[in-house]
Amino acid sequence: MYSSPGLRALSPSTSHPSALQFSSFVLSIVTCIIGLAANLIVILVTGFLMKKNKYKIWFLNLALADFSFLLFLPLHAVSVIRGSWPYGSTMCKLYNFLTFVNMYSSIYILTMLNIDRTVSVAKPVWHLRFHSLKFCRCMCAVIWVSSAICSVPAIIYSDLDDDAVCTLSPFDFTQFANMISGLFEISSSCSLFGLSFLIPIIY
1 MYSSPGLRAL SPSTSHPSAL QFSSFVLSIV TCIIGLAANL IVILVTGFLM
51 KKNKYKIWFL NLALADFSFL LFLPLHAVSV IRGSWPYGST MCKLYNFLTF
101 VNMYSSIYIL TMLNIDRTVS VAKPVWHLRF HSLKFCRCMC AVIWVSSAIC
151 SVPAIIYSDL DDDAVCTLSP FDFTQFANMI SGLFEISSSC SLFGLSFLIP
201 IIY
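The sequence shown lines up with residues 1 to 203 when you count with the UniProt record's numbering.
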């Protein structure tokens, strides 16, 4: 069972927060304040002050991903100090969803940024000719959509447990395997039926 980072380990406290809870709370708040300020500066610079170029698009989208996650970090900080998640099931699902969207989008954007730099060095002529601003915008759109799609399981499997802790239940691979096995049996039966009866009748 997965829970919001550190929350499961910190949840036993009842009336007074422990030193670990308090330090985690302070660290989350400090990270949130510094991160929001830093990413806001990057967004303002890349969005309004920098000249249009391909790297501006990558850094702007990377800052937006981090900024959107940091906006919800205080929810985690409060849940740590309380030892439970007080915001309900919907916010639990949304928080975990945004966490995974941030993770996937950051990884994809950094990967594309490194590929972009590698291609610009290895194939400079091709890079200047085909790697346009429009291409970067399209790739960022694909990254955001794919990140959101990959994060949908976080919405489905996130919920509050009996201790009011926001958890992310592991995927039931047994149920998935049974479903695949059932589909395989159906497809095999259909294939045998087609090969044994339909094709001879047609021909």
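Positions of the beta carbon are idealized from the N, C-alpha and C atoms, including for glycine.
Cβ shell of residue i (< 8 Å), same chain only, five flanking positions each side left out
i	result
residue 217	With the chain covering only 1 through 203, there is no way to say anything about residue 217.
Y108	I143, S146, S147
G88	L160
Three-state secondary structure (DSSP) of residue i
i	result
S169	coil
S89	helix
D116	helix
V142	helix
S18	coil
S132	coil
S23	helix
S158	strand
A164	coil
S151	coil
Alpha carbon of residue i to alpha carbon of residue j, nearest angstrom
i	j	result
L94	Y104	15 Å
V101	A65	8 Å
H76	S23	13 Å
V78	T167	16 Å
R137	A63	15 Å
P153	S169	10 Å
S158	L133	37 Å
F130	K54	12 Å
L44	L110	20 Å
R117	I155	35 Å
K123	M112	15 Å
D18	I149	According to the sequence provided, residue 18 is Ser. The question's Asp does not apply to it. Rounded to the nearest angstrom, the two C-alpha atoms are 38 Å apart.
Q21	F48	40 Å
F135	P86	43 Å
V125	I34	40 Å
Cβ shell of residue i (< 7 Å), same chain only, five flanking positions each side left out
i	result
L98	S68, F69, F72
S120	H127
F59	V42, T46
M91	L75
K52	L133
Same chain, Cβ closer than 6 Å to residue i, five either side skipped, listed in chain order
i	result
S151	F97, F100, V101
L36	L70
K56	T46, M50
F176	Only weak support exists for where F176 lies, its pLDDT of 46 falling under 50; the coordinates are left without a value.
Beta-carbon spacing of residue i, residue j below 8 Å
i	j	result
F25	I115	no
S106	A164	no
N39	C140	no
Residue i CB to nearest heavy atom of the ligand SAH below 7 Å
i	result
S132	With respect to the ligand SAH, the structure offers nothing, as it holds no ligand at all.
Legend entry - Continuous alpha helix (DSSP H) assignments of at least 4 residues falling wholly in the segment 28-111: 54-71, 73-82
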